Amino acid sequence: VNIGRTTGEIICGEDGRMSGKHAQISSEMVDNIQVAFVQDLGSKNRTIVNRSEIQPHQKTKIKLYCLLEIGDQKFVITENKNVNQLDLNEMIDKLLKKPLIQFESLEVGPPNPSPLVSLEETPQELVLKKENKIQQLQIEVASLETNAKSELLKLEEAKERIIVTAKLRKGELSRMILTLKTEVEESKAEIARVRAELEQKKKKIINLKDIPADTGEEEAAETSSEDLPE
Numbered sequence: 007v008n009i010g011r012t013t014g015e016i017i018c019g020e021d022g023r024m025s026g027k028h029a030q031i032s033s034e035m036v037d038n039i040q041v042a043f044v045q046d047l048g049s050k051n052r053t054i055v056n057r058s059e060i061q062p063h064q065k066t067k068i069k070l071y072c073l074l075e076i077g078d079q080k081f082v083i084t085e086n087k088n089v090n091q092l093d094l095n096e097m098i099d100k101l102l103k104k105p106l107i108q109f110e111s112l113e114v115g116p117p118n119p120s121p122l123v124s125l126e127e128t129p130q131e132l133v134l135k136k137e138n139k140i141q142q143l144q145i146e147v148a149s150l151e152t153n154a155k156s157e158l159l160k161l162e163e164a165k166e167r168i169i170v171t172a173k174l175r176k177g178e179l180s181r182m183i184l185t186l187k188t189e190v191e192e193s194k195a196e197i198a199r200v201r202a203e204l205e206q207k208k209k210k211i212i213n214l215k216d217i218p219a220d221t222g223e224e225e226a227a228e229t230s231s232e233d234l235p236e
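Heads up, the sequence shown is in this note's numbering, so the first residue is 7 and it goes up one at a time.
Structure below.
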């Protein structure tokens, strides 16, 4: 017995939660006993047997009065009979279509007047309570927005401080580099001056060596001692 919304199925339902090919009921001989099974055919909303969801593509044994739930439709196995021995009408009428609950018709007499009962909260009070709750939530949302703006402002201020600090440090580094360059240039100039003076001293030493030997020793000594580099 195939169950589904596809036209041509033996049990064709109209419930939107029922798949085109939803479930299948079959019977097999087990130890010489005819046993009925239900199998979910991989439906989207599954098949429920006796309040428990069964696994798809696995045969589940069912007995008399088992409850099947497919979407919003409920079925009860009402007769333990070989489905191969049933014709189509008998199968529909006796196998799956018995109502789950029987309701008895009861006569109802005229209503007795009931005393007035005061409610704990009137409808107006409930509406006012709801409006107060909405106002409270709006206040909380406004507070959260204010806090968020405050935190954002703090972040912007911190960002500005970082940028200013970076610029100041950059200026300090530029001044330090300029000072170092000046000192290097001064050192180069001093080295050049010393080298020039040294060259002059060397020339004077060479000139002293070229003075004749009969020249006064005192004059030579005085000249050499005066012109020698420190």
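Where a beta carbon is used, it is the ideal one built from N, C-alpha and C, also for glycine. Treat the numbers as computed from the prediction; the structure is a model and nothing was measured.
Original post:
What residue from N38, L158, L70, G14 has the CA that sits closest to K27's CA?
Top reply: The residue labelled residue 27 in the question sits at position 21 within the sequence shown. For the residues N38, L158, L70, G14, the minimum Cα distance to K27 belongs to G14.
Subject >> Chain-order list of residues whose beta-carbon lies under 8 Å from that of M35 (same chain, five-residue window excluded) >> reply: As a working mapping, residue 35 is identified with position 29 in the sequence shown. Counting only Cβ-Cβ distances below 8 Å, and skipping sequence neighbours, we find V41.
Original post:
Which partner residues of T66 appear in the DSSP bridge assignment?
Top reply: Numbered from its first residue, the sequence shown carries residue 66 at position 60. Note: T66 sits in a beta bridge opposite V44.
Original post:
Using DSSP with H/G/I as helix, E/B as strand and the rest coil, what is C18?
Top reply: What you label residue 18 is simply residue 12 of the sequence shown in a count that begins at 1. In the structure shown, C18 sits in a strand (DSSP, three-state: E or B).
Subject >> CA-to-CA distance, G10 to G77, given in whole angstroms >> reply: Indexing the sequence shown from 1 puts residue 77 at position 71. Indexing the sequence shown from 1 puts residue 10 at position 4. CA-to-CA, the gap between G77 and G10 works out to about 11 Å.
Original post:
When you compare only the Cα positions, how much space is there between G222 and I197?
Top reply: In the sequence shown, counting from the first residue as 1, residue 222 sits at position 216. In the sequence shown, counting from the first residue as 1, residue 197 sits at position 191. At G222 the pLDDT is 49, less than 50, meaning the model places this residue with poor confidence; the figure from the coordinates comes in the next sentence. Computed Cα separation, rounded: 36 Å.
**OP:** Could you pull the start and end residues of the beta strand (DSSP E) that S25 belongs to?
**Re:** In the sequence shown, counting from the first residue as 1, residue 25 sits at position 19. From DSSP, S25 is part of no beta strand (DSSP E); its letter is neither H nor E.
Original post:
Taking Q61 as the reference, which of A195, V82, Q206, L47 has the closest Cα?
Top reply: Working through the sequence shown from its first residue, we reach residue 61 at position 55. Checked all of A195, V82, Q206, L47; the closest Cα to Q61 is L47.
**OP:** Assuming F43 and K65 form a contact by the criterion Cβ under 8 Å, report the distance between their Cβ atoms to the nearest whole angstrom.
**Re:** As a position in the sequence shown, residue 43 is number 37, starting the count at 1. As a position in the sequence shown, residue 65 is number 59, starting the count at 1. Right, the Cβ-Cβ distance comes to about 4 Å (below 8 Å), so this counts as a contact.
**OP:** Given a cut-off of 8 Å, decide if S49 and S33 are closer than it, judged by their beta-carbon atoms.
**Re:** For the purposes of this step, residue 33 is taken as residue 27 along the sequence shown, with counting starting at 1. For the purposes of this step, residue 49 is taken as residue 43 along the sequence shown, with counting starting at 1. No; because the gap between Cβ atoms is not below 8 Å, this pair is not in contact.
Subject >> Straight-line Cα distance separating K176 from A202 >> reply: Indexing the sequence shown from 1 puts residue 202 at position 196. Indexing the sequence shown from 1 puts residue 176 at position 170. About 39 Å.
**OP:** Spatial neighbours of Y71 within its chain, please: CB distance less than 8 Å, with the 5 preceding and 5 following residues excluded, ordered by chain position.
**Re:** Locating residue 71 in the sequence shown gives position 65, counting from the first residue. Its chain contains V82, I83, T84 as the residues whose beta carbon lies nearer than 8 Å to that of Y71, once the 5 sequence neighbours on both sides are disregarded; these appear in chain order.
**OP:** Kindly indicate which three-state DSSP category L122 falls into: helix, strand or coil?
**Re:** Along the sequence shown, read from residue 1 onward, the residue named residue 122 stands at position 116. In this prediction, L122 scores a pLDDT of 49, lower than 50, which makes its location untrustworthy; the coordinate-derived value is nonetheless stated afterwards. If DSSP states are grouped into helix, strand and coil, L122 belongs with coil.
**OP:** Can you give me the Cβ contacts of I107 inside the same chain, cut-off strictly under 7 Å, excluding the 5 residues immediately before and after it?
**Re:** For this step, residue 107 is matched to residue 101 along the sequence shown. Its pLDDT being 47, under 50, I107 is placed unreliably in this model, and the value from its coordinates should be taken loosely. If the five residues before and after I107 are omitted, its C-beta is found closer than 7 Å to no C-beta atom of its own chain.
Original post:
Which term fits I31, buried or exposed, when burial requires 16 or more other beta carbons within 10 angstroms of its beta carbon?
Top reply: Looking up residue 31 in the sequence shown gives position 25. Buried.
Subject >> Span separating the alpha-carbon of Q141 from that of L158 >> reply: Residue mapping note: residue 141 aligns to position 135 of the sequence shown, counting from 1. Residue mapping note: residue 158 aligns to position 152 of the sequence shown, counting from 1. Whole-angstrom Cα-Cα distance: 25 Å.
Subject >> Through-space distance from D37 to V7, alpha-carbon basis >> reply: Here residue 7 refers to the residue found at position 1 when the sequence shown is read from its first residue. Here residue 37 refers to the residue found at position 31 when the sequence shown is read from its first residue. About 22 Å.
Subject >> Where the beta strand (DSSP E) containing Q79 begins and where it ends >> reply: Taking the first residue of the sequence shown as 1, we reach residue 79 at position 73. Per DSSP, the unbroken beta strand (DSSP E) holding Q79 starts and ends at 79-82.
**OP:** Put Q61 into one of helix, strand or coil per three-state DSSP.
**Re:** As a working mapping, residue 61 is identified with position 55 in the sequence shown. In the structure shown, the three-state DSSP call for Q61 is coil.
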